[in-house]
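Participant: For the sequence shown, this note's numbering assigns the number 127 to the initial residue and increments by one for each residue that follows. Where is the CB? At the ideal position from N, CA and C, for every residue including glycine. Remember, it's a predicted structure, so these values are computed and weren't measured experimentally. Once you've had a glance at the structure underneath, I'll fire off some questions.
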Amino acid sequence: MFGRRTAVITGASSGIGAGLARHSAGLGMKLVLADIAAERLAEFAGELSATGAEVTAVVTGVADPASVEALADTAYTLPRTPSGRCPQARSTCW
């Protein structure tokens, strides 16, 4: 059911965002992970990729409109475009 969907998750490398990313990966969703902490984001994206998840990591500062625009551009260029939106704490998936 969720295998054809894409989750875009901000604050993805720790806390609630990481939990949402793990859960979404478990549902078979493609992931676009965003966080301002580049090293931590790359490490976490690698961890999820090693489990077979399809992951794209984008260093993003949500306070910077250009950074958020770049995140959206990345998400919408993927074969499966984001669908739906589920905001929670520091993370959002479209």
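Is L197 helix, strand or coil when you go by DSSP?
Facilitator: Counting from one through the sequence shown, the residue named residue 197 turns up at place 71. It is helical.
Participant: Taking the C-alpha atoms as reference points, what is the distance between L174 and R148?
Facilitator: Translated into positions along the sequence shown, residue 174 becomes position 48. Translated into positions along the sequence shown, residue 148 becomes position 22. Cα to Cα, the separation comes out at about 7 Å.
Participant: Would you mind working out which of V194, R131, G141 sits nearest F170, comparing C-alpha positions?
Facilitator: By 1-based counting over the sequence shown, the position of residue 170 is 44. The option with the nearest alpha carbon to F170 is G141.
Participant: Check this for me: beta carbons of L157 and A133, under 8 Å apart or not?
Facilitator: Working through the sequence shown from its first residue, we reach residue 157 at position 31. Working through the sequence shown from its first residue, we reach residue 133 at position 7. Taking 8 Å as the Cβ cut-off, L157 and A133 qualify as a contacting pair.
Participant: May I ask which residues mark the beginning and end of the beta strand (DSSP E) holding I135?
Facilitator: Mapped onto the sequence shown, residue 135 falls at position 9. It spans 132-136 - the beta strand (DSSP E) in which I135 sits, taken as one unbroken run.
Participant: So, at 7 Å on beta carbons, what are the nonlocal neighbours of E195 in its own chain, with the 5 sequence-adjacent residues on each side left out?
Facilitator: For the purposes of this step, residue 195 is taken as the residue at position 69 of the sequence shown. The answer is none, since no qualifying residue turns up.
Participant: DSSP puts A223 in a beta bridge; with which residues?
Facilitator: Nothing can be reported for residue 223, as the shown portion of the chain is limited to 127 through 220.
Participant: Mind checking which residues open and close the alpha helix (DSSP H) that includes G143?
Facilitator: The sequence position of residue 143 within the sequence shown is 17, counting from 1. Start and end: 141-152.
Participant: Would you grab the beta carbon distance between A151 and A179 for me? Rounded to a whole angstrom, and I think it's under 8 Å.
Facilitator: What you label residue 151 is simply residue 25 of the sequence shown in a count that begins at 1. What you label residue 179 is simply residue 53 of the sequence shown in a count that begins at 1. Going by Cβ atoms, the distance from A151 to A179 rounds to 4 Å, so yes, they are a contact pair.
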